[in-house]
């Protein structure tokens, strides 16, 4: 993975010093809360319900074992020994103390980490495919491009005070694992007829209050123009995006109001003045960055390891874990492993400091010492030999990291919600827990098959509920917490936004509602149909009528 | 006399700011003696008069752009001005950054580019990188304290108005001139 050189180290150290002085001035009253807010946000610091929350950047989800060990130390020393991985591949600490944040940032800088631009109205942490570099279906490794974007966007002087936050994702496969269409800029690596590498550029996607999948404004952008083209998009947005209404300030609103064609025309006109300028990439620089993303020295192994095959057959629990949590690798004899952070009874994405240390050890012992955070809030070991899967599984299981539900209903994606977040309208973690405990039976989950369930505690949609097969959104009605359900959302190639089922539900109804949705699917499905396929075939109506079949007073329905 | 930070040092500022308020119109507002920073609307309405003052009295010309007014408002006139001031009504409104960048890199403006209004020390570094070389801090802020922030960073990942040679390729992050 990318390693800092002297300049990267210096910049991050200078940022820590800058923020230490800003914090000092704030604490002695020289810097008002209004003046301090954007500064602390651009260092990942929110003021939350109970304490400040620090969001630490994990650029495009890449971590190494040394960094994870440091995160464990930070979580234990400055927080309550727990971290939370987010849907944007970052790590959040929920109980930090403001005066200690500069010290935390200094500790992170020792392992080439920071919290720069993980919040605020600026270009945020760039996200990418958690299987980057090992996926068989990859057009090219997206990480060098994500790293180039990380550097270009870090401390960008012109785009630090945008109308609103700005998120970029880099996808490298047909079967998009980054939800790129739901980003302010979604970049899709592709090759033109001549084999040249470039990007299809999507702009103006987003979830939140106005969920939109971004339209394509350029089918093919030669890769060397990546940064100048992004600069053109950002400049049009910075100059013309709305600043009068926070809910209309994202770039998607600008794209919508101008129309895709006119927006694209303005970007192209701006880009004409920038292309072939200083931001365009020379091959040497791309190679310098790409050289960091090495592969381990793979051994020449059989496609199927005999002992692994025996274990898989003889140990049912192991076999189930392999089926759900182990994925194909482009190199024979190797596998990609998802360590689940979805153990029943715990908040999805949460990980203890001790677990972080365990994962770091597992990465060193069984993989390349590197790991990835997925936007589904799990951790990925990218280079495990098949023969090592059994001992790895035993250790992961002992640490509570082997819940065999990846891709299942119980692999819930969930924001911290009202338990922590001051933006939330409703709690989300207890809903996730109630659903997980309803669907504990692994055989039943297996029978249900692939089904994504996403929960957001408010319209900001950090849980990506719009693109869950089942989406749950916390809403506030007259001071009470209610939950609106959408169905039919999906990620990947041909992503879709879910449709609202109907009036919202009380918290204690939610497990029943999910169960009825699942029953509807099971009673209508054709062989080999997943939930989303059946839903697309029969439509929302049968689901709706089943869920709302009981009388209103029994369901304590809120007003629609 | 108020001061500004100019090219990294604090100096007295003898430019007067003309502001349209109430019933003022660009055509009728009274122009005081001396060097003036006038709104772009006043410049457009009274261009000949302002140029005449420069000839007659040697009062150099200055113009002020609001956040809404991009460089297009004065695009063909930039060479007439000794000072272009870009107004920040709120420090968190980032439009002025693009205005400055464009004035420097697209419209070829080489004179003083001044940030005015809600200008605070913690934005100075970025303001400098997009091309501002003068900063009129908000009245309650101390220019001497703020100067230090111009040196917050000693390198940059991207080109801006301060590193804009079109021949410069990004072989690595670029060290800023000291």
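Protein chains in written order, with this note's numbering: chain H, 1 to 560; chain V, 1001 to 1178.
Beta carbons: idealized from backbone N, C-alpha and C, even for Gly.
Owing to the predicted nature of the structure, the values given are computational and were not obtained by experimental measurement.
Does the segment 132–140 of chain H come close enough to the segment 213–222 of chain H that 3 or more CB-CB pairs lie under 8 Å?
-> no
From the DSSP output, read off the bridge partner residues of residue 188 of chain H.
-> H/171 and H/200
Going by other Cβ atoms of all chains shown within 10 Å of its Cβ, with 16 needed for buried, is residue 1011 of chain V buried or exposed?
-> exposed
Below 7 Å CB to CB, which residues in the same chain sit around residue 27 of chain H once its five sequence neighbours on both sides are set aside?
-> 99
Quick one: is residue 340 of chain H buried, meaning 16 or more other Cβ sit within 10 Å of its Cβ, or exposed?
-> buried
So residue 535 of chain H packs on residue 488 of chain H, CB below 8 Å; how close in whole Å?
-> 5 Å
Segment limits, beta strand (DSSP E) that includes residue 472 of chain H | 470–477
Alpha-carbon to alpha-carbon, residue 1039 of chain V and residue 1066 of chain V = 8 Å
Whole angstroms is fine: what's the gap from residue 467 of chain H's alpha carbon to residue 88 of chain H's?
-> 14 Å
What residues match up with residue 482 of chain H in a beta bridge as DSSP calls it?
-> H/475 and H/506
My guess is that residue 3 of chain H and residue 112 of chain H are in contact by the Cβ rule of under 8 Å, so how many angstroms apart are they, rounded?
-> 7 Å
Could you pull the start and end residues of the beta strand (DSSP E) that residue 322 of chain H belongs to?
-> Note, residue 322 of chain H: premise wrong, no beta strand (DSSP E); alpha helix (DSSP H) at 316–325.
When the Cα of residue 1042 of chain V is compared with those of V/1018, V/1060, V/1099 and V/1032, which residue comes out closest?
-> V/1018
Using 8 Å as the Cβ pair cut-off and three pairs as the minimum, do the segment 59–78 of chain H and the segment 352–367 of chain H touch?
-> yes
Given a limit of 7 Å on CB to CB distance, which residues of the segment 1049–1078 of chain V reach chain H?
-> 1070
By a C-beta neighbour count over all protein chains shown, 10 Å radius and 16 as the cutoff for buried, is residue 192 of chain H buried or exposed?
-> exposed
Once you ignore the five residues that flank residue 1078 of chain V on each side, which residues in its own chain have a CB closer than 6 Å to its CB?
-> 1107 and 1109
From H/543, H/498 and H/46, residue whose alpha carbon lies closest to that of residue 210 of chain H = H/498
Report, in whole angstroms, the separation of the C-beta atoms of residue 254 of chain H and residue 237 of chain H, which I expect to be a contact under 8 Å.
-> 6 Å
Scan the segment 58–113 of chain H and note each continuous alpha helix (DSSP H) run of 4 residues or more that stays entirely inside, going in chain order.
-> 65–78 and 101–110
Close Cβ partners of residue 1129 of chain V (< 6 Å) along its chain, the five nearest in sequence each way excluded | 1160 and 1162
Do we get a CB-CB distance below 9 Å when we pair residue 1085 of chain V with the residues of chain C?
-> Looking for chain C here will not work: the only protein chains present are H and V.
List the residues of chain H that residue 1033 of chain V touches, going by C-beta distances under 8 Å, in chain order.
-> Correct list: empty, because the minimum Cβ distance to chain H is about 36 Å.
Name the two residues that bound the continuous alpha helix (DSSP H) containing residue 1062 of chain V.
-> From DSSP, residue 1062 of chain V is part of no alpha helix (DSSP H) but of the beta strand (DSSP E) over 1061–1065.
Can you find a C-beta in chain V that's less than 9 Å from the C-beta of residue 151 of chain H?
-> yes
Please go through the same chain and pick out, in chain order, the residues whose beta-carbon is closer than 6 Å to the beta-carbon of residue 549 of chain H, but skip the five residues on each side of it.
-> none
So what's residue 406 of chain H in DSSP terms, helix, strand or just coil?
-> coil
Neighbouring residues, chain V, relative to residue 235 of chain H (Cβ below 7 Å) | 1098
Between residue 43 of chain H and residue 94 of chain H, what straight-line distance do the alpha-carbon atoms span, to the nearest angstrom?
-> 15 Å
Taking the alpha carbon of residue 159 of chain H as the point to measure from, which residue in H/349, H/495 and H/234 has its own alpha carbon closest?
-> H/234
Should residue 38 of chain H be flagged as near chain V, meaning a C-beta pair shorter than 9 Å?
-> yes
Return no unless some Cβ of chain H is closer than 9 Å to the Cβ of residue 1080 of chain V.
-> no
Through-space distance from residue 283 of chain H to residue 407 of chain H, alpha-carbon basis = 39 Å
Any chain H beta carbon closer than 9 Å to residue 1166 of chain V | Note that residue 1166 of chain V scores a pLDDT of 36, beneath 50, so its modelled location is shaky and nothing firm can be said.
With a cut-off of 8 Å, do at least 3 Cβ pairs link the segment 401–416 of chain H to the segment 449–457 of chain H?
-> yes
Applying a beta-carbon distance threshold of less than 9 Å, which residues of chain V neighbour residue 332 of chain H?
-> Those do not exist, as residue 332 of chain H stays about 37 Å from chain V at its closest Cβ, beyond 9 Å.
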